[in-house]
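Reading through the structure tokens given below for one structure.
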Amino acid sequence: MNRIFLLLIFSLSWLFGKLYIELPQKRIDYFYIKGHSKGSKIVIVGGIHGNETGGFTTAEYLKNLKIDKGEILVIPRANPIGIMANVRGYNGDMNKKFDNKNPKDKDYRFVVEIERLILKFKPKLLLSLHDGYGFVIRNKNAWGQAIIIDENRYGDFNLRKIAKFVKKESNKHLRYKIDIKNTHTFTKKGAYNKNGLTGWSLKNYILAFALEASKNISLKERIKTHLEMINNFLRYYKISSNINELKRDIKIKYPKVKVKLLINNKYVEVSKKITLVLKPATKIKVLNLPGGVYLKPRGIDLNWRSFYFKNVIFDVMYGNKRLFTFQIKEKN
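Per this note's numbering, numbering of the sequence shown is gapless, rising by one per residue and ending at 349.
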């Protein structure tokens, strides 16, 4: 029935005009960092909240990380649609969906894939990277510059003990000092992080912390904050790395992107601002984009993979940074 309906719609589009475009499937990107010898396994997740640039930029920056032992799984952009839209959660707060999954939810496949990757990897530790407003050390109601723990202790895990070590060591090198914030996820009624990634991880016997840099400092300072905290978690697990080198020379680079289109079976590349004027009923397919690059159609539901249109401007995004725009419109 659905197939017949789609064929009918497509036939009508040819009769009455309109262009048709098909976008690539948005995916969960990830990469591994491996040491020279066996050691602890760690997962680092960025971008659960799409407007927390410091978290997912740091996670992506870890492609330059080298470690002497162990293995790290990095999921830099957990919420691709939220990141592309530059909002906390385009389909609601993803960090409230890990113990509250709904197959009808538009983030469902992302949440399930993140859980699958983590459980398959079997880590000892998970770090979730965020940006929050303010400074916890000055205001206990703030979220920025903090190590977030769900409880002081959970089962055999002494979260506060480890957080205190990371706080002490990190504050030796940070301009903006960090503190520890306990959300009492499992003991406080209506706790904020009830269905969050770290709580889900703890229930699955994975030690977990959320790391918050402050939205009130520059992006470079946020990246430094995250790198410093990550470094001291690695040190706690006796893992040596080149993070100090990475902190000294932080360069935020944006790629040069060519968007490859298949227009009525002919290949077209777009790499700058341009307007494409196409005949009615033209079929356009966007070929696979590099990791972290998204095509954002203005005025269109960002969950859609395909749609009909007459005139749309597309933003080519790297994370939530717009690289350039181009327009596709129907010829009159």
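We treat Cβ as the ideally placed atom computed from N, Cα and C, and that holds for glycine. Quantities reported herein were computed from a predicted structural model and do not represent experimental measurements.
| query | result |
| --- | --- |
| Opening and closing residue of the beta strand (DSSP E) in which R252 lies | No beta strand (DSSP E) holds R252; the alpha helix (DSSP H) holding it covers L236 to Y253. |
| Separation of V274 from L293, as counted between CA atoms | 18 Å |
| I89 and K137 closer than 9 Å at C-beta | no |
| Neighbour-count burial assignment, L304, 16 or more Cβ in a 10 Å radius | exposed |
| Candidates T299, K264, I100 and N156: closest to I280 by CA position | T299 |
| Member of K264, Y47, I100 and I166 whose CA lies at the smallest distance from the CA of E132 | Y47 |
| Range of the contiguous beta strand (DSSP E) that encloses G87 | K86 to I92 |
| Limits of the unbroken alpha helix (DSSP H) element including F73 | T70 to Y78 |
| Residues that DSSP places opposite Y271 in a beta bridge | DSSP output for Y271 lists no bridge partner at all. |
| Environment of I291 [buried if 16+ CB atoms lie within 10 Å] | exposed |
| Distance between V183 and F203 (C-alpha atoms, nearest Å) | 23 Å |
| Buried or exposed (CB count within 10 angstroms, at least 16 for buried), D116 | exposed |
| Under 9 Å between C-beta atoms of Q344 and N328 | yes |
| Residue environment, F27, which counts as buried when at least 16 other CB atoms sit within 10 Å | Only weak support is given to the placement of F27: the predicted model assigns it a pLDDT of 48, under 50, and the question is left unresolved by the model. |
| Coil, strand or helix - R265 by DSSP | helix |
| Integer Cβ distance of T215 from L143, believed to fall under 8 Å | 7 Å |
| Alpha carbon of A163 to alpha carbon of E229, nearest angstrom | 5 Å |
| Sufficient close CB pairs (3 or more, under 8 Å) joining the stretch 97-104 to the stretch 323-337 | yes |
| Three-way DSSP call (helix, strand, coil) for R315 in this model | coil |
| Same chain, Cβ closer than 7 Å to N119, five either side skipped, listed in chain order | Y125 |
| F16 - containing beta strand (DSSP E), residue span | In the structure as shown, the chain begins at 18 and stops at 349. Residue 16 is therefore absent and cannot be evaluated. |
| Simplified DSSP state of R322, which is helix, strand or coil | coil |
| Cα-Cα separation between F341 and N169, rounded to whole angstroms | 47 Å |
| Test item: CB-CB of N96 and H53 under 9 Å | no |
| CA-to-CA distance, K141 to F174, given in whole angstroms | 11 Å |
| Short Cβ contact (9 Å threshold) for N249 with E186 | yes |
| Anticipated Cβ contact below 8 Å, I135 with V60, distance rounded | 6 Å |
| Best match in V129, D196, K211 and I234 for proximity to I45 [C-alpha to C-alpha] | V129 |
| One or two residues paired with A230 in a DSSP bridge | D148 |
| Counted within 10 angstroms of its Cβ, other Cβ atoms place G56 as buried (16 or more) or exposed | buried |
| Three-state secondary structure assigned by DSSP to Y37 | strand |
| Beta-carbon separation (whole angstroms), S231 vs G151, contact threshold 8 Å | 6 Å |
| Alpha carbon of V310 to alpha carbon of E77, nearest angstrom | 12 Å |
| Residue-level contact to chain B via CB, G309, 9 Å cutoff | Absence of chain B from the displayed structure is noted, only one protein chain being present. |
| Straight-line Cα distance separating K35 from K296 | 9 Å |
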